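**Student:** Shown below is the structure under consideration.
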Amino acid sequence: LWGSPRQLQYSDFHRCVRRWELLADTDGAHRDAEAVHESRHASLRERAGVGYLAGQGGALDTAEMQEIWDAFSQAEFMSDADQATALVEAGAPSAPLPRTESQRRWDALMAIFRTAAGQPVDAKLPEPTLNIVMDITTFEAALAELDLAPRLGEMPTPFEHRRSETVSGVLVDPLQAVQAALLGHVRRVVVDSAGNVIDLGRRRRLFTGAARAAVMLHSPRCIWPGCATPAGRCDADHTHDWQHGGVTAPTNGGPMCPRHDRHKNGGYRVRRDATGIWHTYRPDGSEIGEASAA
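So in this note's numbering, spot 259 of the sequence shown is number 771, and the numbers just go up one at a time.
This is the structure in structure tokens:
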């Protein structure tokens with residue numbers, strides 16, 4: 513971690529420190545996670561005509577709820593975008609979105625409640641859709657801790673590649689992550705020494721399916737310096753552009769928000785170095801800000 517503060521943005525370095533805390537003391541992390549889970553609560557109150565929703569819970573539950581909420585919020589955004597597009601096509605000079613993001617988030621929450629209320633009480637719940645990223649060393653250690661596998665010698669996995677978190681960077685107790693894996697599915701992802709996810713599938717013009725999922729694992733947010741847009745709202749961007757000979761392979765991709773993706777058309781370029789750090793360069797070759805890491 514010594515050299516990390518000089519290379520990473522604050523949010524990335526903070527996540528690295530939290531990773532170290534989580535993985536250096538897995539017993540303590542599990543006790544903390546259990547304590548948080550035991551103290552979970554939620555409340556919905558109305559006061560003077562205003563509703564207040566509050567609560568707290570564990571990281572794994574929160575991450576799953578966030579995935580669901582984000583999906584419903586995106587549906588609300590697409591509904592607003594369709595309305596605005598229809599107005600412009602009908603001749604309106606401009607058509608701002610009818611709701612703010614905060615309003616759409618509330619309406620999405622209402623949609624979640626109404627969708628749940630419309631389901632039969634005994635309806636089968638969908639399988640987990642939350643993606644949790646974990647390296648093989650941490651996964652096998654957690655299996656051994658749960659007495660589900662023999663204890664093995666420590667594998668030489670570099671710390672910077674040790675992970676137990678969601679795709680968006682929410683840290684998850686390794687024991688809870690393994691328990692979730694036993695209920696869901698496990699996908700094998702192979703990475704090289706720099707942490708790049710290697711090629712998955714045949715060559716394509718656009719990243720789709722497993723290849724797109726692999727690209728989004730490279731960073732929990734947009735790889736542009738200073739941008740905090742979550743990876744879930746980003747495009748799977750070619751690091752070396754397709755039109756300039758770049759291949760559609762996970763080693764040549766990273767999550768980038770639409771706004772900064774367009775900047776690359778103006779001569780900006782992005783690369784990932786041998787240690788997994790992202791670098792962004794202006795058209796004149798000078799580097800922008802600090803680097804980003806997964």
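The beta carbon of each residue, even a glycine, is placed where N, CA and C say it ideally should be. Here the structure is a predicted model, which is why all the values come from computation and not from measurement.
1) Determine the DSSP secondary structure at Tyr522, reduced to helix, strand or coil.
2) Please classify Leu687 as buried or exposed, where buried requires at least 16 neighbouring CB atoms within 10 angstroms.
3) Whole angstroms is fine: what's the gap from Leu609's alpha carbon to Pro770's?
4) Could you check whether the segment 726-741 touches the segment 759-770, counting it as contact only if at least three pairs of C-beta atoms, one from each stretch, sit closer than 8 Å?
5) Unbroken beta strand (DSSP E) runs of length 3 or more, entirely within the segment 583-611: which are they?
6) DSSP state of Ser676, grouped into three classes?
7) Decide yes or no for the touch test of the segment 647-657 against the segment 612-628: beta carbon pairs closer than 8 Å, at least 3 of them.
8) At what residues does the alpha helix (DSSP H) containing His775 begin and finish?
9) Tell me, please, which residues DSSP counts as bridged to Val811.
10) Return helix, strand or coil for Val633, following the three-state DSSP convention.
11) At a cut of 8 Å, does the segment 672-684 reach the segment 572-581 through at least three beta carbon pairs?
12) With a 10 Å radius around its C-beta and 16 neighbouring C-beta atoms as the bar for buried, classify Thr751 as buried or exposed.
13) Where DSSP assigns a beta bridge to Gln568, which residues make up the other side?
14) State the Cα-Cα distance for the pair Ser555 and Ser606, rounded to the nearest angstrom.
15) Lys776 to Glu588, Cα distance in whole Å?
16) Where Asp594 and Gly540 are concerned, what is the direct C-alpha to C-alpha distance, given to the nearest angstrom?
17) In the DSSP assignment, the beta strand (DSSP E) including Arg784 goes from what residue to what residue?
**Tutor:** The relevant details are as follows:
1) helix
2) buried
3) 18 Å
4) Yes, the segment 726-741 is in contact with the segment 759-770.
5) none
6) Ser676 falls in the strand class under three-state DSSP.
7) no
8) Pro770 to His775
9) Lying before the first or after the last residue shown, residue 811 is absent from the chain, which here runs from 513 to 806.
10) Residue state, collapsed to three classes: coil.
11) Verdict: yes, contact present.
12) buried
13) Gln568 is bridged by DSSP to His553.
14) 41 Å
15) Each residue's alpha carbon lies about 29 Å from the other.
16) 49 Å
17) Arg781 to Arg784
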